[in-house]
Amino acid sequence: MTTVNLSNTLTSIGSYAFFLSGALANLSLPATLTRLGDGAFQYCQSLKSVTVPAGLTEWGQFAFTSSGLESVVLEEGLTEIGEFAFSNTKLQSVVLPSSIRTIEASAFGSCSKLETITLNEGLQIIKNEAFSWSELTSITLPSTITSVGERAFEKCSCLAAVSLNEGLQSIGDFAFDSAKSLTEIAIPSTVTDMDESVFNGCTELTAVKFESNAPEAYENEKAGVVHGSSYGVSYTVYYHEGATGFTPDDWCGYDTAIW
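Here the sequence shown is numbered in our numbering, starting from 1344 and rising by one per residue.
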């Protein structure tokens, strides 16, 4: 089966409906679609492109996981990208519509060809491992983002430029673990919570620059700045004169400086 013709009144596609349909290459999802079940198009390795309609409100896990997708159009009106929705696909570039509020866990995880992602104003939450093991080279968070989940950009070894937004409040454990191309990063003044080992394994990181006071402690370690050089990281923590929570000369095993 290379082509599937879906009714233009269809509202739901069940779990594993086209699972392992390796020959499926042509697919048009109707505008009436509101639900995709678990693994609906998982392992459809001949499927190269798809348009996801605006009315889709219920994503099962693994909707397009390990399919052959190289491009996707996400229509304005979608509010979330489901868990593992496009994980382990061949997507190279993705533009999220401004209607998206949440990127669920591992939505684009293990997309080994994904180099660019456009995140528009309106996006609020990036969940755990959303872009882990991808080939992103840069990321700019829109002003509406409040939370970056655990391991969200883990093992993004090509990630050289990260711009975090004022308005961001929390950064989860190992969020940028082993982002080995990252050399410096600024932490917005609105960040109050950074969890364990945010920059673990960032071997080229030389500067972490705080715009305000030190964020809340994680088990008595400040701002995710933990483990020190034994975990392959050795950078300088910069803070503004008058900022609280930092200590001069050395802070959690890292050199400090005023900037």
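Using N, Cα and C, we set each Cβ at its ideal position, and we do this for glycine too.
Between residue i and the rest of its own chain, which residues show a CB-CB distance below 6 Å, the 5 nearest in sequence each way excluded?
i        : result
Gly-1465 : Ser-1441, Thr-1487
Gly-1420 : Ala-1397, Ser-1442
Phe-1362 : Gly-1382, Gln-1385
Ser-1392 : Ser-1414
Asn-1351 : Pro-1373
With DSSP collapsed to three states, give me the class of residue i.
i        : result
Ala-1504 : strand
Lys-1456 : coil
Phe-1429 : coil
Lys-1552 : strand
Trp-1476 : coil
Met-1344 : coil
Asn-1369 : strand
Leu-1399 : coil
Ile-1356 : strand
Tyr-1386 : coil
Ser-1513 : strand
Leu-1462 : coil
Asn-1351 : coil
Ser-1490 : strand
Asp-1593 : strand
Glu-1539 : coil
Glu-1423 : strand
Arg-1444 : coil
Glu-1497 : coil
Leu-1379 : strand
What does a CB cutoff of less than 7 Å around residue i pick up in its chain, not counting 5 residues either side in sequence?
i        : result
Ala-1600 : Thr-1579, Tyr-1581
Glu-1458 : Gln-1435, Ser-1436, Glu-1478, Leu-1479, Thr-1480
Asn-1563 : Annotation note: pLDDT 46 at Asn-1563 (below 50); position unreliable, coordinate value reported separately. Excluding residues within five positions, none has a Cβ falling inside 7 Å.
Ala-1366 : Met-1344, Thr-1345, Ser-1389
Which residues mark the beginning and the end of the beta strand (DSSP E) in which residue i is found?
i        : result
Ile-1482 : 1481-1483
Ser-1449 : Unbroken run through Ser-1449: none, as it is neither H nor E.
Val-1321 : Residue 1321 lies beyond the residue range present for the chain, which begins at 1344 and ends at 1602; the question has no answer from this structure.
Ile-1528 : 1527-1530
In angstroms with no decimal places, state the Cα-to-Cα distance between residue i and residue j.
i        : j        : result
Asn-1543 : Phe-1427 : 24 Å
Arg-1494 : Ala-1550 : 20 Å
Lys-1565 : Ser-1521 : For Lys-1565, the predicted model reports a pLDDT of 49, less than 50, meaning its position is unreliable; a value from the coordinates is still stated below. Cα to Cα, Lys-1565 sits roughly 19 Å from Ser-1521.
Leu-1412 : Leu-1376 : 19 Å
Ala-1368 : Val-1416 : 16 Å
Given residue i, which residues of its chain have a CB within under 8 Å of its CB, disregarding the five upstream and five downstream residues?
i        : result
Ala-1503 : Thr-1480, Ser-1481, Ser-1524, Leu-1525, Thr-1526
Trp-1602 : Lys-1552, Tyr-1581, Tyr-1582, His-1583
Ile-1468 : Arg-1444, Thr-1445, Ile-1446, Ile-1488, Thr-1489, Ser-1490, Gly-1492
Pro-1485 : Leu-1462, Asn-1463, Glu-1464, Gly-1465, Leu-1466, Asn-1508
Gly-1571 : Because the pLDDT at Gly-1571 is just 46, under 50, the model does not fix this residue reliably, and the point stays unresolved.
Spell out the partners DSSP gives residue i in its beta bridges.
i        : result
Thr-1599 : Val-1580
Leu-1417 : Val-1395
Compare the C-beta of residue i against all C-beta atoms of chain B and say whether one is closer than 9 Å.
i        : result
Ser-1453 : As a matter of chain content, chain B is missing from the structure shown, which is built from one protein chain.
When you measure from the CB of residue i to every non-hydrogen atom of the ligand FMN, does any distance come out below 8 Å?
i        : result
Phe-1451 : Absent from the structure shown: the ligand FMN. Ligands present: none.
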